[in-house]
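For the sequence shown, the working numbering begins at 98 and goes up steadily by one.
By construction, the Cβ of each residue, glycine as well, lies at the ideal position given by its N, Cα and C atoms.
Being a predicted model, the structure only gives us computed values, none of them experimental.
Scroll down for the structure; my scribbles are underneath it.
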Amino acid sequence: MTPTSVTVVGLVAGVITPFIAQAGGLWLVPAAVSVAVVVACDRWYPSVARRFGDPTRRVLVFVPLSARLVEVAWLYGFHRLGVPTGVLIGAGAVTILHEYLRARGQIAGLREVALSTLGERSSRLWSALAGYGVAAVVSVTGTAIAPGMVTGVATIAAIAWLLLGVLGLVQLMIVVSAALRGR
């Protein structure tokens, strides 16, 4: 497999998640599996990329773009499960701001922005996996209150995404501010 094929598999698995999840019920199980496929692709990508040497400029653009598309798809899937729109808009906005601030810091030559924060992609991955995974478990139990619990679980996962994103953005802003003061 090439780095591009791993990215495409992750992109397709992520983008189909909301369309599977919107059916609800037992369909949340394959939705959770599709999120797990994205997690696996994200974990596998670095080892595959190392075998192929330096990434091309196309890959440097395509990989982060596909990651953001997958995250938007997951948030849309949470919306289809009943998560309040404000939470999802906040989570999406914080995600974009975090990635934008990091990119601008790198363009400005700040090596300090390479540090990991609480708002990284891995936090978003695990929030989505926990949300869809626990929602799937709740659906499989088949209790009468399962539909409401699915919405609650998805909402908790989206709020976790939002809060981790806010904390990560604040961390990154502090680092960028300190780095800019030193220049």
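Using DSSP with H/G/I as helix, E/B as strand and the rest coil, what is residue i?
| i | result |
| --- | --- |
| Ala120 | coil |
| Met270 | helix |
| Leu185 | helix |
| Ser131 | helix |
| Val180 | coil |
| Phe149 | coil |
| Ala241 | coil |
| Met98 | coil |
| Gly202 | helix |
| Ser220 | helix |
| Leu108 | helix |
| Gly279 | coil |
| Leu260 | helix |
| Ser213 | coil |
| Leu207 | coil |
Spatial neighbours of residue i within its chain, please: C-beta separation below 6 angstroms, excluding the five flanking residues on both sides.
| i | result |
| --- | --- |
| Gln268 | Thr214 |
| Val134 | Ala110 |
| Trp124 | Ile117 |
| Leu282 | Residue 282 cannot be examined here, being either before or after the span of the chain that is shown, 98 to 280. |
| Ser219 | none |
Spatial neighbours of residue i within its chain, please: C-beta separation below 8 angstroms, excluding the five flanking residues on both sides.
| i | result |
| --- | --- |
| Glu209 | Gly202, Val272, Val273, Ala275, Ala276 |
| Val250 | Gly228, Val231, Ala232, Val235 |
| Cys138 | Val103, Thr104, Val106, Gly107, Ala110 |
| Thr99 | Val145, Phe149 |
| Leu198 | Val210, Leu266, Leu269, Met270, Val273 |
With a threshold of 7 angstroms on Cβ separation, who are the neighbours of residue i within its own chain once the five nearest residues in sequence on each side are excluded?
| i | result |
| --- | --- |
| Gly262 | Ala188, Val191, Thr192, His195, Gly216 |
| Val237 | Leu123, Val126 |
| Leu178 | Ala118, Ala232, Val247, Thr248, Ala251 |
| Trp141 | Val103 |
On a CA-only basis, which of the options is nearest residue i? Give me that one, please.
| i | options | result |
| --- | --- | --- |
| Thr104 | Val237, Phe116, Ala146 | Ala146 |
| Val106 | Ala164, Pro152, Thr240, Val237 | Ala164 |
| Gly239 | Ser102, Gly121, Pro100 | Gly121 |
| Ala254 | Trp141, Ala243, His176, Ile242 | His176 |
| Val136 | Arg155, Thr114, Ala243 | Thr114 |
| Leu259 | Thr153, Glu168, Gly245, Pro143 | Glu168 |
| Arg155 | Thr101, Tyr142, Ala128, Gly174 | Thr101 |
| Gly174 | Ala243, Gly279, Ala128 | Ala128 |
How close, in whole Å, do the beta carbons of residue i and residue j come, if the pair is a contact with beta carbons under 8 angstroms?
| i | j | result |
| --- | --- | --- |
| Leu166 | Leu222 | The Cβ separation is near 14 angstroms, so there is no contact. |
| Val112 | Ala170 | 5 angstroms |
| Pro161 | Thr252 | Not confirmed; about 27 angstroms, so no contact. |
| Val130 | Ala225 | The Cβ separation is near 12 angstroms, so there is no contact. |
| Leu157 | Leu172 | Their Cβ separation, rounded to whole angstroms, is 24 angstroms, which puts Leu157 and Leu172 out of contact at 8 angstroms. |
Let me see if you follow: with CB-CB separation under 8 angstroms, is residue i close to chain D or not?
| i | result |
| --- | --- |
| Ala255 | Absent from the structure: chain D. Only one protein chain is present. |
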